[in-house]
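Residue numbers (this note's numbering): 148 to 434.
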């Protein structure tokens, strides 16, 4: 049996938390790429041939601010409808130092998300996705520092019920267990709560478990307007709030947990051709 020290264990846990945190933040942002960001596809507009929602708008820019109302990041999106791709130029500003990178999203001929290319430490990290015949995401895989595989499960009503995240570089560790996230809904069918469970069986310290419980608050249209997450280890409260325009697009999102604050403003424009809105549904996968 392989034994690890406390420092190694802490490193593993921090890395696993980082994997999920980065994944969630990036996909929450991208959930607004094609307009709308509620957990129930209530974005208005028609339904495309692959089951996505089209509301006639797409995201063109986002600007993030810190607690002092200083700009910390901008994202500008360029849509190439002929090549079925979206290029996002990201400018990070840290103590007046600017870092610029470009992410690229590819769609298939049916408008379904196919893969992403993300620069990472002078290399290119690729993320790929698969969907079922109903247009629901089944798997998400990414390499690089994340090296993560996610599998998605649904209830009888077709709603997301469970996600299993596996850090591929930790599979050989006998104490390792995949991270499991479960979701529940209220009587109206709107997302009500989720639970994140991360366990590790340490040969010296025994089973160590981190649990995060999230409660979602929705408006009458089912759009998530507030989400509160409590970590059972630290009891820290992590809060996210969302503001929508009349078209169902997220125009502002605020994230805070006491020691961290970021407010992001989103700008949209009317698109001349349909944009397949798979990202709008990813908020219920990574709310």
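Glycine included, C-beta positions come from ideal geometry on N, C-alpha and C. Computed from a predicted structure; not experimentally measured.
{"query": "I'd like the span of the beta strand (DSSP E) that includes residue 353, first residue to last.", "result": "353 to 365"}
{"query": "Using C-beta distances below 6 Å, list every residue in its chain close to residue 168, excluding the 5 sequence neighbours before and after it, in chain order.", "result": "Residue placement at residue 168 is flagged as unreliable, the pLDDT there being 41, under the threshold of 50; the coordinate-derived value follows with that caveat. Result list for residue 168: empty, nothing under 6 Å."}
{"query": "Taking DSSP as the reference, what is the three-state secondary structure of residue 368?", "result": "coil"}
{"query": "In this structure, does DSSP put residue 156 in helix, strand or coil?", "result": "At residue 156 the pLDDT is 41, less than 50, meaning the model places this residue with poor confidence; the figure from the coordinates comes in the next sentence. The answer is helix: DSSP assigns residue 156 an H, G or I state."}
{"query": "Does the Cβ of residue 233 have 16 or more other Cβ atoms within 10 Å, making it buried, or fewer, making it exposed?", "result": "buried"}
{"query": "Which same chain residues end up closer than 6 Å to residue 402 when comparing Cβ atoms and leaving out the 5 residues on each side of it in sequence?", "result": "387 and 409"}
{"query": "Tell me the DSSP secondary structure of residue 178 in three-state form.", "result": "Below a pLDDT of 50, predicted positions are generally treated as unreliable, and residue 178, at 37, falls in that range; no measurement from the model is reported."}
{"query": "Could you tell me the distance, in whole angstroms, from the CA atom of residue 237 to the CA atom of residue 400?", "result": "17 Å"}
{"query": "For residue 198, which residues of its own chain have a beta-carbon under 7 Å away from its beta-carbon, when the five flanking residues on both sides are left out?", "result": "Note that residue 198 has pLDDT 39, beneath the 50 cutoff, so the model's placement of it is unreliable and the number below is only indicative. Taken in chain order, the residues that qualify are 281 and 282."}
{"query": "What did DSSP end up calling residue 189 once you bin it into helix, strand or coil?", "result": "Reliability fails at residue 189, whose pLDDT of 30 lies under 50, so the model's placement of it is uncertain and the value that follows must be treated cautiously. Coil."}
{"query": "Compute the distance between the beta-carbons of residue 413 and residue 204, then report whether it is under 8 Å.", "result": "no"}
{"query": "Take residue 249 and list the residues in its own chain whose beta-carbon comes closer than 8 Å to its own, dropping the five residues that flank it on each side.", "result": "234, 235, 236, 237 and 266"}
{"query": "Three-state secondary structure (DSSP) at residue 307?", "result": "strand"}
{"query": "Would the beta-carbon of residue 286 fall within 8 Å of that of residue 300?", "result": "no"}
{"query": "Whole angstroms are fine: how far does the CA of residue 254 sit from the CA of residue 217?", "result": "34 Å"}
{"query": "Candidates 278, 290 and 259: which alpha carbon is nearest residue 272's?", "result": "290"}
{"query": "My output table needs one value for residue 228: the three-state DSSP class, helix, strand or coil.", "result": "coil"}
{"query": "Measuring CB to CB, does residue 341 end up less than 8 Å from residue 313?", "result": "no"}
{"query": "Tell me, to the nearest whole angstrom, how far the beta carbon of residue 393 is from that of residue 209; I am working on the premise that it is less than 8 Å.", "result": "So it is not a contact: roughly 19 Å between Cβ atoms."}
{"query": "Would you tell me roughly how many angstroms separate the C-alpha atoms of residue 352 and residue 324, rounded to the nearest one?", "result": "16 Å"}
{"query": "Given a cut-off of 8 Å, decide if residue 212 and residue 221 are closer than it, judged by their beta-carbon atoms.", "result": "no"}
{"query": "Among the candidates 343, 338, 322 and 335, whose CA atom is the shortest distance from the CA of residue 349?", "result": "322"}
{"query": "When you compare each of 224, 382 and 294 to residue 361 by their alpha carbons, which one comes out closest?", "result": "382"}
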